[in-house]
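K.L.:
Before anything else, here's the structure in question.
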Amino acid sequence: MEITVQDKGKYLRGLLILIGKDHLILDNEKNWFYRLSKILGYDLAFLRTAIKELPENEYLSQDPPKFSNTEIAKAFIIDSIHLAFADQELHPNELEWINKIAEVNGIDILWGMNEYEKFRKRNFKNENIYEFKIEKLLINNDSSVTNN
C-alpha cells in the first residue's frame, strides 16, 4: 500500500496535536514522537521545535486529518491510543480527538474503543514500547515493492 507524503504529514500533525491535548508534554511522549518521526522520514530538529512551540502555535491546523485510506486511519488510531496512554491514562481531550479522527475517516468508534481495551490490557515492556502500526504498513509496502 502506498503511503503518500501528504498522509505522512497528516499523521505527524495529528499526533503532534494529540500530544498537546492533555496540556502535559512528557519526555516519553516526545521520545515516542521523535522515534516515529524518524521512521516517517522527518527532520528531528524541525520536530523538536514544533513540540517546543506547540502550546502557542496558532498556525497549526486543528482539523482532524482525513487519510487517503482506512488502513492508514486505523493505524493512526492505534498509534494515537499508544501515544495518549504514555502517561498511563487516556485524557478526555485525547479521547475526543481520537474519536473525531475516527469519525472523519469513517471508522466506527466502537472499533477504536475495542483497540483501546486491547491496548490497555497488554503489558508493555521496554523493548516493545516503540511498536508503531504505521511502521508495519510501511514495511509491508516496502516488501511488496521488493517482491514485484
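Residues in the sequence shown are numbered consecutively from 126, following this note's numbering. The beta-carbon is built from N, C-alpha and C at its ideal position, and this holds for glycine as well. Computed from a prediction, not measured in an experiment: that's the story for all the values here.
Using only alpha-carbon positions, find the residue among His148, Phe244, Pro189, Ile164 that is nearest to Val229.
P.N.:
Checked all of His148, Phe244, Pro189, Ile164; the closest Cα to Val229 is Pro189.
K.L.:
Excluding sequence positions up to five away, which residues of its chain have a Cβ less than 8 Å from the Cβ of Asn239?
P.N.:
Excluding sequence neighbours, Asn239 sits near nothing in its chain.
K.L.:
Label Gly166 either buried or exposed according to how many other C-beta atoms from any shown protein chain fall within 10 Å of its C-beta, with 16 as the threshold for buried.
P.N.:
Classification of Gly166: exposed, given that the 10 Å Cβ count is below 16.
K.L.:
Are Ser193 and Asp132 touching if we call contact CB-CB under 8 Å?
P.N.:
Taking 8 Å as the Cβ cut-off, Ser193 and Asp132 qualify as a contacting pair.
K.L.:
From which residue to which residue does the alpha helix (DSSP H) around Leu161 run?
P.N.:
Its alpha helix (DSSP H) spans residues 152-164.
K.L.:
One question on the structure: do Leu172 and Phe158 come within less than 8 Å of each other, judged by their Cβ atoms?
P.N.:
Result yes, Cβ atoms of Leu172 and Phe158 sit closer than 8 Å.
K.L.:
Are Leu151 and Ser162 closer than 8 Å when you measure CB to CB?
P.N.:
The answer is no: Cβ separation not under 8 Å.
K.L.:
Less than 7 Å between the CB of Gly145 and some heavy atom of the ligand NAD, yes or no?
P.N.:
The ligand NAD is absent from the structure shown, which contains no ligands of any kind.
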